[in-house]
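S.K.:
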Amino acid sequence: MSDDDEGFLGLDPTRDVLLSPSAMRGLVNPLRLRLLELLQADGPSTATELGRRVGQSTGVTSYHLRVLAQHGFIVEDEERGDDRDRWWRAVHRSTSFSFRVPGDPATEDTVDQAAQFIRLNVEASHRRAIDWVDTLPSQVDELAAMPWTVSDWPLLLTHDQARMVVTAVRELVAQFQRDPEAATDDPGAVRAHAQFQLFPEQ
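With the sequence shown counted from 1, adding 295 to any position gets you my numbering.
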């Protein structure tokens with residue numbers, strides 16, 4: 296197994312997209328990132344419904360969906376669509392990024408774009424966390440039973456150990472990922488957001 300292969304264990308190429316610096320052009324936009332996230336989490340939808348959820352017009356939403364389609368992140372769901380409404384679905388269930396995709400290293404032309412994509416992801420995750428924190432005062436009676444967590448661990452890692460951590464987290468999370476259209480037998484199941492970041496301190 297090569298050094299590059301070792302870094303991507305836990306990813307299913309048929310269901311997970313691994314972005315390289317040059318492959319993310321279509322996603323360096325906060326609205327497109329949000330639209331893709333909704334399609335991955337909730338399954339196929341239309342520009343009208345997605346526009347309602349993100350507070351944008353159908354026209355604006357349709358434009359950004361077409362851009363996502365041009366870059367291969369989503370496709371038209373022809374089984375659902377008709378002459379009046381076009382349905383879209385995500386091609387992959389999750390999105391990851393790496394500077395180590397074989398054959399597609401970062402360059403001066405793409406590193407700024409990659410940094411912008413990472414920044415958008417971190418900012419979006421921060422907003423979701425704050426939205427959740429703001430609901431806590433209204434859930435005082437339920438807090439003790441909540442399983443959710445916000446954790447921060449200082450680590451001292453070699454590059455090989457860092458790859459082991461990334462692989463272990465990916466493989467663990469993959470066990471709980473499901474098709475957004477699949478029914479669940481557990482009435483207590485709720486949609487949750489997990490974002491994993493591992494980076495060196497500066």
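No residue lacks a Cβ here, since even glycine has one placed at the ideal position from N, Cα and C.
1. Roughly how many angstroms lie between the CA atoms of Gln-434 and Leu-415, to the nearest whole one?
2. Using the Cβ count rule (16 or more neighbours within 10 Å means buried), how would you classify Thr-341?
3. Contact between the stretch 333 to 340 and the stretch 372 to 382: three or more CB pairs below 8 Å?
4. Measure the CB-CB distance between Phe-368 and Leu-314 and report whether it falls below 7 Å.
5. If you run the structure through DSSP and keep just helix, strand and coil, what is Ala-424?
6. Alpha carbons only, please: which of His-359, Val-312, Ser-352 and Leu-334 is nearest the one belonging to Asn-324?
7. Just mark Val-461 as buried or exposed, buried being the case when its beta carbon has 16 or more other beta carbons within 10 Å.
8. Report yes if the C-beta distance between Val-349 and Arg-375 is below 7 Å; otherwise report no.
9. Within its chain, find whatever has a CB closer than 7 Å to the CB of Ala-457; leave out the 5 residues flanking it on each side and keep chain order.
10. Please report the distance separating the alpha-carbon of Thr-343 from that of Leu-363.
11. Where does Leu-334 fall in DSSP's three states?
12. Give me the Cβ distance between Gln-335 and Ser-389, rounded to the nearest whole Å; I'm assuming they're in contact under 8 Å.
13. Could you give the first and the last residue of the continuous beta strand (DSSP E) run that contains Asp-372?
14. Of the choices Ala-419, His-421, Phe-394 and Asp-311, whose alpha-carbon is the least far from that of Gln-408?
M.R.: On the basis of the data shown:
1. If you number the sequence shown from 1, residue 434 lands on position 139. If you number the sequence shown from 1, residue 415 lands on position 120. If you draw a straight line from the Cα of Gln-434 to the Cα of Leu-415, it is about 29 Å long.
2. Translated into positions along the sequence shown, residue 341 becomes position 46. Result: buried.
3. Taking 8 Å as the limit for Cβ pairs, the verdict is that the stretch 372 to 382 does touch the stretch 333 to 340.
4. One-based indexing of the sequence shown puts residue 368 at position 73. One-based indexing of the sequence shown puts residue 314 at position 19. Contact check for Phe-368 against Leu-314 fails: the beta carbons are separated by 7 Å or more.
5. Residue mapping note: residue 424 aligns to position 129 of the sequence shown, counting from 1. Correct three-state label for Ala-424: helix.
6. Numbered from 1 along the sequence shown, position 29 holds the residue referred to as residue 324. If we check each option's Cα against that of Asn-324, His-359 comes out closest.
7. Taking the sequence shown and counting its residues from 1, one reaches residue 461 at position 166. Label assigned to Val-461: buried.
8. Position 54 of the sequence shown, counting from 1, holds the residue named residue 349. Position 80 of the sequence shown, counting from 1, holds the residue named residue 375. Contact check for Val-349 against Arg-375 fails: the beta carbons are separated by 7 Å or more.
9. As a first step, residue 457 must be located in the sequence shown, where it is residue number 162. Leu-493, listed in sequence order.
10. Against the sequence shown, residue 343 aligns to sequence position 48. Against the sequence shown, residue 363 aligns to sequence position 68. Roughly 16 Å between the two C-alpha positions.
11. The count along the sequence shown starts at 1 and reaches residue 334 at position 39. In this structure, DSSP gives Leu-334 a helical state, which the three-state scheme calls helix.
12. Here residue 335 is taken as the residue at index 40 of the sequence shown, counted from 1. Here residue 389 is taken as the residue at index 94 of the sequence shown, counted from 1. By a beta-carbon distance limit of 8 Å, Gln-335 contacts Ser-389. Their separation comes to about 7 Å.
13. By 1-based counting over the sequence shown, the position of residue 372 is 77. Per DSSP, Asp-372 lies in no beta strand (DSSP E) and is assigned neither H nor E.
14. The residue given as residue 408 occupies position 113 in the sequence shown. It is Phe-394 whose Cα lies nearest to the Cα of Gln-408.
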